[in-house]
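Asker:
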Amino acid sequence: MSDRWTPDSWRALPVQQVPEYPDAAALAAVERQLASFPPLVFAGEARRLKRELAKVANGEAFLLQGGDCAESFAEHSADNIRDFFRVFLQMAVVLTYAGASPVVKVGRIAGQFAKPRSAPMETVNGVELPSYRGDIVNDIEFTPEARIPDPRRQLEAYRQSAATLNLLRAFANGGYASLGNAHQWMLGFIKDSPQSGRYQALADRITEALDFMRAIGIDPEHHPEMRSTEFFTSHEALLLGFEEALTRVDSTTGDWYATSGHMIWIGDRTRQADHAHMEYCRGVKNPLGLKCGPSLKPDDLIRLIDTLNPQNEAGRLTLIARFGADKVGDHLPALVRAVKREGRTVVWSCDPMHGNTIKAASGYKTRPFDQILKEVKDFFAVHAAEGTFAGGVHLEMTGKNVTECTGGARAISDADLKDRYHTYCDPRLNAEQAIEMAFLVAELLKQERSNRVRPVIEAAE
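Under our numbering, think of the first position of the sequence shown as 270, with each following residue one higher.
1) Taking Ala-472 as the reference, give the member of Leu-456, Asn-555, Cys-694 and Ile-571 with the closest Cα.
2) Would you please state the rounded distance, in angstroms, between the beta carbons of Ala-700 and Asn-670? I believe it to be under 8 Å.
3) Tell me, please, whether the region 502-511 touches the region 374-385 by the rule of three or more beta-carbon pairs shorter than 8 Å.
4) May I ask you to verify whether the region 531-550 touches the region 561-572, counting CB pairs closer than 8 Å and requiring at least 3?
5) Count Cβ pairs between the region 646-654 and the region 607-614 that sit closer than 8 Å; are there 3 or more?
6) Check the C-beta distance from Ala-226 over to Gln-359 and give it rounded, since I have them as a contact under 8 Å.
7) Give the straight-line distance between the Cα atoms of Pro-385 and Phe-481, rounded to the nearest whole angstrom.
8) Under the assumption that Leu-364 contacts Phe-331 (Cβ atoms under 8 Å), give the Cβ distance between them as a whole number of angstroms.
9) Who pairs with Met-666 in a beta bridge, going by DSSP?
10) With burial defined as no fewer than 16 other Cβ atoms inside 10 Å of the residue's Cβ, what is the status of Arg-591: buried or exposed?
11) Using CA coordinates, which residue listed in Thr-692, Phe-658 and Ala-659 is at the minimum distance from Glu-792?
12) Could you give the residue range of the beta strand (DSSP E) that holds Arg-591?
13) Quick one: Cα of Ile-589 to Cα of Val-406, how far?
14) Quick one: complete beta strand (DSSP E) runs, 3+ long, within the region 297-356?
15) Assign Val-373 to one of three DSSP states: helix, strand, or coil.
16) Who does Trp-534 pair with in a DSSP beta bridge?
17) Just mark Glu-513 as buried or exposed, buried being the case when its beta carbon has 16 or more other beta carbons within 10 Å.
18) Excluding the 5 residues preceding and the 5 following Trp-279 in the sequence, name in chain order all residues of the same chain whose CB lies nearer than 7 Å to its CB.
19) What does a CB cutoff of less than 8 Å around Gly-598 pick up in its chain, not counting 5 residues either side in sequence?
20) Would you tell me roughly how many angstroms separate the C-alpha atoms of Thr-675 and Val-373, rounded to the nearest one?
21) Let me confirm a value: Arg-301 is counted as buried when at least 16 other C-beta atoms fall within 10 Å, else exposed. Which label applies?
22) Looking at C-beta atoms only, is the number of pairs between the region 438-453 and the region 305-323 that lie closer than 8 Å three or more?
23) Could you tell me which uninterrupted alpha helix (DSSP H) segments, each at least 4 residues in length, are contained entirely in the region 597-647, listed from first to last along the chain?
24) How long is the line joining the alpha carbons of Gly-530 and Ile-487, rounded to whole angstroms?
25) Using CA coordinates, which residue listed in Tyr-526, Leu-436 and Trp-525 is at the minimum distance from Phe-500?
26) In terms of residue numbering, what span does the beta strand (DSSP E) encompassing Thr-392 cover?
27) Between which two residues does the alpha helix (DSSP H) holding Glu-397 run?
28) Can you tell me which residues form a DSSP beta bridge with Arg-517?
29) What is the DSSP secondary structure of Ile-459, counted as helix, strand or coil?
30) Excluding the 5 residues flanking Leu-282 on each side, which residues of the same chain have their C-beta closer than 6 Å to its C-beta?
31) Would you kindly check if the distance between the Cβ of Cys-694 and the Cβ of Ala-426 is under 7 Å?
32) DSSP three-state label for Gly-368, please.
33) State the DSSP-derived secondary structure class of Gly-676, mapped to helix, strand or coil.
34) Quick check: the region 416-423 against the region 291-305, are at least 3 beta-carbon pairs closer than 8 Å?
35) Check whether the Cβ of Leu-296 sits closer than 6 Å to any heavy atom of the ligand MN, and report yes or no.
36) Looking at the structure shown, is Ile-405 part of a helix, part of a strand, or coil, going by DSSP?
Written as structure tokens, this is what we have:
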């Protein structure tokens, strides 16, 4: 890998998970058009996220990252965006209070359209067609025409991302994201939850804290920091031609930034050291994520870290562990020890979704809630044992009450999956399950906080 980097230097290297477009001229025309469009996000916003993630790396904040497995064109609506944002805020309030520290809010949204696949082709009823790679590439409909990669879909993905970002910014800064609103929504969730007794105590403490603030003259409705929130976007940087077209120079620093999202990550299938995805991501200054699965060895991880974060900057790199509930103990400790031993500064985050996908007896792909929770618990346990900080969670979730993951407080069964199974790719936590998960992670955060060594303050003489 050459030291010299340009937005297109990835094109000279082997590349995985990139579709074969039948019309190269049409693809080039779309990429030229995208390159002329305005950026979706701005360099200053990405730098701000990096500063917030630096706090996470130092154990002073917690990362909540979540959203759709794959965004779709068909489900794009203001209501769906609002419902997701509302659930996400409730989760953040619970985690903020339990951890007594800020929560960095990063959505898998406004750009999460492309999906890696385990095989280039799929077979249904004896018919073999190209795999669905996300709406930015082809259509989920199982017909020969729909599965042909169409570069024009990238233009639609750009427009949808721009519209989504516009609405998210309005929600985040227009009063909708007020602390009071988020707390009232959370109380409604608890009232309707079968597990209300378990979560009521924490909710009551938050209510008391808000009442105390009002009593001493701090009304959340009249303080800007309590009426708005910072919300950032992220996605897997998979379709590199799209990413290249939206790579821009920051006029204030001369640095290159991916303007398709505030944070981008490299998946477990595309993190080969000498391949295109690593090459592209090393050159942009955005905060980066790196998925770490069971096949990743400690020495290889250190090499990848040094490629993506050669200056060892806090907030630059988030390691997203995704092993499966029964494999965390076999793989995570060695990676954590290697990173700690070599003095690398990273955020450790847990993706408890991708390693826990199973096929239910009903034929649907699902993820058991208890296995998702077990992976999170084991992630926290490993970091507690190693003296490192469990810095975040990375969840596939939706603001709707779908039936895709089994279990949770409402005990969704295999037989229930058919009722509201809407995902375009992998199963997601529904709104109730996502908030429930936040309460359960909050318990782990509270325990982690209580276990930290607190400085002893000596009395003045």
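Ideal Cβ placement from N, Cα and C applies to all residues, glycine included.
Answerer: This is what the structure holds:
1) Numbered from 1 along the sequence shown, position 203 holds the residue referred to as residue 472. Nearest of Leu-456, Asn-555, Cys-694 and Ile-571 to Ala-472, Cα basis: Leu-456.
2) Stepping through the sequence shown from its first residue, residue 700 is reached at position 431. Stepping through the sequence shown from its first residue, residue 670 is reached at position 401. Correct: roughly 5 Å between the Cβ atoms.
3) yes
4) yes
5) no
6) In the structure as shown, the chain begins at 270 and stops at 730. Residue 226 is therefore absent and cannot be evaluated.
7) Along the sequence shown, read from residue 1 onward, the residue named residue 385 stands at position 116. Along the sequence shown, read from residue 1 onward, the residue named residue 481 stands at position 212. Approximately 49 Å, taken between the alpha carbons.
8) Counting from one through the sequence shown, the residue named residue 364 turns up at place 95. Counting from one through the sequence shown, the residue named residue 331 turns up at place 62. So it is a contact: roughly 6 Å between Cβ atoms.
9) On the sequence shown, residue 666 is found 397 positions in, with the first residue counted as 1. Met-666 is bridged to Leu-698.
10) Here residue 591 corresponds to residue number 322 of the sequence shown, with the count starting at 1. So Arg-591 ends up on the buried side.
11) This structure cannot settle anything about residue 792, because the visible part of the chain is limited to 270 through 730.
12) Here the question's residue 591 lines up with position 322 in the sequence shown. Careful: Arg-591 lies outside any beta strand (DSSP E) and carries neither H nor E.
13) By 1-based counting over the sequence shown, the position of residue 589 is 320. By 1-based counting over the sequence shown, the position of residue 406 is 137. Approximately 25 Å, taken between the alpha carbons.
14) 331-336
15) Within the sequence shown, residue 373 is the residue found at index 104, counting from 1. Looking at Val-373 - three-state DSSP - the assignment turns out to be strand.
16) Locating residue 534 in the sequence shown gives position 265, where the first residue counts as 1. DSSP output for Trp-534 lists Glu-505 and Gly-558 as bridge partner(s).
17) Here residue 513 refers to the residue found at position 244 of the sequence shown. Buried, because 16 or more other Cβ atoms sit within 10 Å of the Cβ of Glu-513.
18) Mapped onto the sequence shown, residue 279 falls at position 10. Within the same chain, Trp-279 has close Cβ partners Leu-509, Ala-545, Glu-548 and Tyr-549.
19) Position 329 of the sequence shown, counting from 1, holds the residue named residue 598. Taken in chain order, the residues that qualify are Asp-647 and Val-651.
20) Within the sequence shown, residue 675 is the residue found at index 406, counting from 1. Within the sequence shown, residue 373 is the residue found at index 104, counting from 1. One C-alpha to the other measures close to 28 Å.
21) Indexing the sequence shown from 1 puts residue 301 at position 32. It counts as exposed.
22) no
23) 597-610
24) Against the sequence shown, residue 530 aligns to sequence position 261. Against the sequence shown, residue 487 aligns to sequence position 218. Their Cα atoms are separated by approximately 35 Å.
25) Here residue 500 corresponds to residue number 231 of the sequence shown, with the count starting at 1. Here the closest residue by C-alpha is Leu-436.
26) As a working note, residue 392 is residue 123 in the sequence shown. That run of the beta strand (DSSP E) goes 390-393.
27) By one-based count along the sequence shown, residue 397 stands at place 128. Per DSSP, Glu-397 belongs to no alpha helix (DSSP H); it is in the beta strand (DSSP E), 396-399.
28) Taking the sequence shown and counting its residues from 1, the one referred to as residue 517 is at position 248. DSSP lists Tyr-526 as partners of Arg-517.
29) As a working mapping, residue 459 is identified with position 190 in the sequence shown. Three-state result, Ile-459: helix.
30) Translated into positions along the sequence shown, residue 282 becomes position 13. Cβ within range, chain order: His-544, Ala-545 and Glu-548.
31) Translated into positions along the sequence shown, residue 426 becomes position 157. Translated into positions along the sequence shown, residue 694 becomes position 425. Contact: no.
32) As a first step, residue 368 is located in the sequence shown; it is residue number 99 there, counting from the start. The answer is helix: DSSP assigns Gly-368 an H, G or I state.
33) Position 407 of the sequence shown, counted from the start, is the residue given in the question as residue 676. In this structure, Gly-676 counts as strand in the three-state DSSP scheme.
34) yes
35) The ligand MN is absent from the structure shown, which contains no ligands of any kind.
36) Counting from one through the sequence shown, the residue named residue 405 turns up at place 136. In the structure shown, Ile-405 sits in coil (DSSP, three-state: anything other than H, G, I, E or B).
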